[in-house]
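K.L.:
Structure provided below as structure tokens; questions to follow.
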Amino acid sequence: MNRKELLDHLTEDILTYVMNGAFSEREFAAAVKPEALDERFSEYERLLDLHFVLLPEVVEFVEELPQRVRNLKTETESVSRTKRGTIDGKINWAATIKRRYSQNPGDRSTFVCENRTESYDTAENLVFKRLVAVIHETLREAEEYLQKDYAWVNDRWNTPLINELQRIVEQNVHVRRIREPKAYEPTDRMLNTASESRHEVYRKAAELLQVRREIFSGDPDQLERLLSETAITPDDDDTLLELFVLFRFIATLEELRETSAEFETIETGQQEIARLEGDGESEIVVYHDNSARDRNLSFRPVPDTDKDHLSRTEKVHTTGMNVANQYFEDRYFRTQTGRPDLIAVEIKHTESDRDYLITEVKNSTYTSTIRQGIKETLEYLAFLRQDEEFVYGNEQVNEDYFGSGWNGLLVIQDLAEETASVDEQRDNEMKILQASELESTLTDVISQFL
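When we follow full-length UniProt numbering, the leftmost residue of the sequence shown carries the number 1, and every step to the right adds one.
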């Protein structure tokens, strides 16, 4: 599957799970933001705003701001004030006589005076001010990335353009005279007024704010365009593929169990993503990216026999791991390099009867990478532990270290060459699926456990 196809699916998943509140917006934002961005952009709406300001038409709007601010219009208002003994402005004699008669008919020192003032707080100007504020605040949050050589920023925003925007916001007398919009502003009526204005600056501001509203409300066309055009989807396609696989698992489990998953917040040391409750004690729990230690599950490829019976190689390996784990008290070391890109599904039938499906994801078509993925998947199965006991294979009884043959799954990118179907892999110790096969075949794999 190419990047466009993955983004299409990711857009659908945002609509299905994130926008409907099933999956935490913050957790999704943390998953899809580039690693270069700090935790401020783990907030879903802030990440969307960063995408928004990178849209070409938003950049174009700012490029034309120096000319456009000259066309900001004002409204002239008449303000009436009652004065005693002095005259300030034009006397409104009708109002003056009425005021004197109602308060003190004999008092000739009372005057109602009118002054005409210019007001910048028009509906159109508030629409304009809100858009400029969103752009300015978002760029200020991303300032450190603007100063670095990140193509996804520098291709759109350069230093002179950012400085010009800052000068307009902070120094332009017309912009400064417009009050700050309230939290609920601009209203629909204000947007409608601006969109029908004779001045292009207001029509364009209303149009861009409407685009932002559609993005935040989950309009599928806007979300897909946003993710494809702004170039700050995850740093590599690996994360996109992992998210695609993760959501395919959840969707398939929901379909098979005919129930909706309950999503959990990802916290340090707890990697439960979703849970599906069944009848009685049965439940299914989905984990991503870690060892699910909160359920006493772990992947520890360390020999468990007495040290006297270990080979020299095993002793070096075991001792080295022990020394590292004891020295770095807050870390847990794995033998695999990097983080495990896996999805673990725990199927609990009863308290004592559980199945596991361990899935490794490799965004590659290279034979060497696929072989490495096969090796890692088999390692996860062979060293999968529940309450410190191996789940599969007891050396004193049998050497069935990999489960039934359905407990391990490797998902890879689509290959051009002919490969074995799942049915043809039936007798293998694990199964391999290409990304495009997931939607049609994952049901058959998971059905082995239900």
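Beta carbons: idealized from backbone N, C-alpha and C, even for Gly.
Where do the N-terminal and C-terminal ends of the alpha helix (DSSP H) with Y380 fall, by residue?
P.N.:
Counting along the chain, the alpha helix (DSSP H) containing Y380 begins and ends at 367 to 382.
K.L.:
Can you list, in chain order, the residues of its chain with a C-beta nearer than 8 Å to that of L191? Leave out the 5 residues immediately preceding and following it.
P.N.:
Same-chain partners within the cutoff: V127, A206, L209, Q210.
K.L.:
In the region 153 to 233, which residue ranges form an unbroken beta strand (DSSP E) of at least 3 residues, counting only runs that do not cross its ends?
P.N.:
If we require 3 residues or more, the region 153 to 233 turns out to have no beta strand (DSSP E) run fully inside it.
K.L.:
Does the structure place the region 181 to 196 close enough to the region 92 to 108 that three or more beta carbon pairs sit under 8 Å?
P.N.:
No: the two stretches stay apart, fewer than three of their Cβ pairs being nearer than 8 Å.
K.L.:
What residue range does the beta strand (DSSP E) around F111 cover?
P.N.:
Segment 110 to 119, the beta strand (DSSP E) holding F111.
K.L.:
Could you give the DSSP three-state label for S436: helix, strand or coil?
P.N.:
If DSSP states are grouped into helix, strand and coil, S436 belongs with the helices.
K.L.:
Buried or exposed: which applies to L87, given that a residue is buried once 16 or more other Cβ atoms fall within 10 Å of its Cβ?
P.N.:
Just to set this straight, residue 87 is Ile in the shown sequence, not Leu. Exposed, since its Cβ has fewer than 16 Cβ neighbours within 10 Å.
K.L.:
Which first and last residues belong to the beta strand (DSSP E) in which T259 is found?
P.N.:
No beta strand (DSSP E) contains T259, which DSSP labels as neither H nor E.
K.L.:
For T86, name the three-state secondary structure that DSSP assigns.
P.N.:
In this structure, T86 counts as coil in the three-state DSSP scheme.
K.L.:
Check F390 in the structure and name its three-state DSSP category.
P.N.:
Residue state, collapsed to three classes: strand.
K.L.:
Could you give the DSSP three-state label for L72: helix, strand or coil?
P.N.:
Looking at L72 - three-state DSSP - the assignment turns out to be coil, as it is neither helix nor strand.
K.L.:
Between the alpha carbons of V53 and L139, how many angstroms are there, rounded?
P.N.:
C-alpha separation (whole angstroms): 8 Å.
K.L.:
What are the boundary residues of the alpha helix (DSSP H) that includes T96?
P.N.:
Looking at the DSSP string, the run of the alpha helix (DSSP H) that includes T96 is 93 to 103.
K.L.:
What are the start and end residues of the alpha helix (DSSP H) that includes D13?
P.N.:
Here the alpha helix (DSSP H) through D13 covers 3 to 13.
K.L.:
By alpha-carbon positions, which one of L65, I374, R177, Y202 ends up nearest to P160?
P.N.:
P160 has its Cα closest to that of L65, out of L65, I374, R177, Y202.
K.L.:
Kindly indicate which three-state DSSP category A142 falls into: helix, strand or coil?
P.N.:
Coil.
K.L.:
By DSSP's criteria, S282 is part of a beta bridge. Which residues make up the other side?
P.N.:
DSSP output for S282 lists no bridge partner at all.
K.L.:
Can you tell me the Cα-Cα spacing of I347 and G403, whole angstroms?
P.N.:
Straight-line Cα distance between these residues: approximately 14 Å.
K.L.:
If you measure between the beta carbons of Q434 and Q448, is that distance less than 9 Å?
P.N.:
Against a cut-off of 9 Å, the Cβ pair of Q448 and Q434 comes out as no contact.
K.L.:
Please confirm whether V422 and T359 have their CB atoms less than 9 Å apart.
P.N.:
The answer is no: Cβ separation not under 9 Å.
K.L.:
State the start and end residues of the unbroken alpha helix (DSSP H) segment that holds E57.
P.N.:
Unbroken alpha helix (DSSP H) run through E57: 56 to 63.
K.L.:
Among the residues of its own chain, which have a CB less than 7 Å from the CB of D400, if the five just before and after it don't count?
P.N.:
For D400, where only same-chain residues beyond five positions count, the Cβ hits under 7 Å are Y392, G393.
K.L.:
Helix, strand or coil for E429, going by three-state DSSP, please let me know.
P.N.:
Residue state, collapsed to three classes: coil.
K.L.:
Within the same chain, show all residues whose beta-carbon is closer than 6 Å to that of I432, passing over the 5 residues directly before and after it, in chain order.
P.N.:
The residues are L410.
K.L.:
Report the three-state DSSP secondary structure of D353 (helix, strand or coil).
P.N.:
The answer is strand: DSSP assigns D353 an E or B state.
K.L.:
So if DSSP puts T359 in a beta bridge, which residue, or which two residues, is it bridged to?
P.N.:
DSSP output for T359 lists I343, L409 as bridge partner(s).
K.L.:
Tell me whether A274 sits in a helix, a strand or coil according to DSSP, three-state version.
P.N.:
Three-state DSSP puts A274 in a strand.
K.L.:
Helix, strand or coil for V422, going by three-state DSSP, please let me know.
P.N.:
Of the three classes helix, strand and coil, the one that applies to V422 here is coil, per DSSP.
K.L.:
Using alpha carbons as the reference points, say which of R177, I374, F390, E141 lies closest to T122.
P.N.:
Residue R177 is the option with its Cα nearest to T122.
K.L.:
Does the distance from the C-beta atom of G405 to that of D427 stay below 9 Å?
P.N.:
Closer than 9 Å, so yes.
K.L.:
When DSSP labels each residue in this structure, what does S80 get in the three-state scheme?
P.N.:
Looking at S80 - three-state DSSP - the assignment turns out to be strand.
K.L.:
Between P56 and W93, what straight-line distance do the alpha-carbon atoms span, to the nearest angstrom?
P.N.:
Taking the straight line from one Cα to the other gives about 56 Å.
K.L.:
Could you name the residues of the same chain whose beta carbon sits closer than 6 Å to that of R81, not counting the 5 residues immediately before and after it, in chain order?
P.N.:
Taken in chain order, the residues that qualify are C113.
K.L.:
Excluding the five sequence neighbours on either side, which residues of its own chain have a C-beta within less than 7 Å of the C-beta of L131, listed in chain order?
P.N.:
Same-chain partners within the cutoff: A205, L208, L209.
K.L.:
Residues bridged to K348 by DSSP?
P.N.:
DSSP, once it has assigned bridges, lists E283, R354 as partnering K348.
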